[in-house]
Each structure stands twice: as structure tokens, then as C-alpha cells.
Amino acid sequence: FKNLDQFDRASLITRLTNDVTQVQVFVNGLMRIFVKSPLLAIGGLIMATRLNLNLAVVLAVVVPLVAILIIVNLRLGFPLFAKVQKALDGVNSVMREYLSGVRV
1 FKNLDQFDRA SLITRLTNDV TQVQVFVNGL MRIFVKSPLL AIGGLIMATR LNLNLAVVLA
61 VVVPLVAILI IVNLRLGFPL FAKVQKALDG VNSVMREYLS GVRV
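Just so it is clear: in the sequence shown, position 68 is 68 by the UniProt record's numbering, and no numbers are missing.
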């Protein structure tokens, strides 16, 4: 457990509680992205082609653009998550200090 010594208690508390939540959100998003979304996209394109060929062409152009926007959004969001993690470490540190000073 040498690597745990480099973090203070507040950081470890934040990481333990927040990381479990992040894993849950990640697995849920992974299932949604890799299972549900491709099926809906393929089904939507098939139905659009059956209804109107022009509609299918519009969807074939718009869907990749939306995918690119999502990828850009994710790449910008991950560095912000690191900042939020550090801010939560600070909040937990302050709360631990307050709670350790409270008389019971």
C-alpha cells in the first residue's frame, strides 16, 4: 500500500466514494453507447430509407457530425473531471477538519 501514502485522508475518501460512482456511470454509459446507440442508428437509417431516401441522406450526414461533437465534448470533459476531483479533495479535507473539531 505504498502508493496510498502519497494521498492524504481527504483525497482517499473522495477517491473511494467518487470512483465507485464513476465506475457505475461508465458501465451504464458503455452499455448505452455500444449496445443501444448502434442498434437505434442502424434501425433509424433503415426506416428513413424506407420512408424517404432524401431523409436517409440527411441522417447519414448529420449522424457523423453529432458523433464528432460528442467525441470533442468527451475530450474536453475529462480534464475538467480532474479539476473537480481535486476540488472535492479540498472539500473533504475541510469537512474532516470541521468534524474532527466538533464536540460530541
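Backbone N, C-alpha and C define an ideal beta-carbon position, used for all residues, glycine too.
Find out if the Cβ-Cβ distance for the pair residue i, residue j is shorter than 8 Å.
i: ALA48; j: LEU59; result: yes
i: ALA41; j: VAL63; result: yes
Within 10 angstroms of its Cβ, does residue i collect 16 or more other Cβ (buried), or is it exposed?
i: ASN54; result: exposed
i: ASN92; result: buried
Span of the alpha helix (DSSP H) holding residue i?
i: ILE68; result: 53-100
i: ILE33; result: Note, ILE33: premise wrong, no alpha helix (DSSP H); not H, not E.
For residue i, which residues from the same chain have a beta carbon less than 8 Å from its beta carbon, with the 5 sequence-adjacent residues on both sides left out?
i: THR88; result: Checking the sequence, you will find Leu at residue 88 rather than Thr. Correct list, in chain order: THR14, ASN18.
i: ASN52; result: none
Just the C-alpha distance for residue i and residue j, rounded to the nearest angstrom, thanks.
i: VAL72; j: PHE78; result: 10 Å
i: MET31; j: VAL23; result: 12 Å
i: GLU97; j: SER11; result: 13 Å
i: LYS36; j: ALA56; result: 20 Å
What residues in its chain sit with their C-beta under 6 Å from that of residue i, if we drop five residues either side in the sequence?
i: PHE26; result: none
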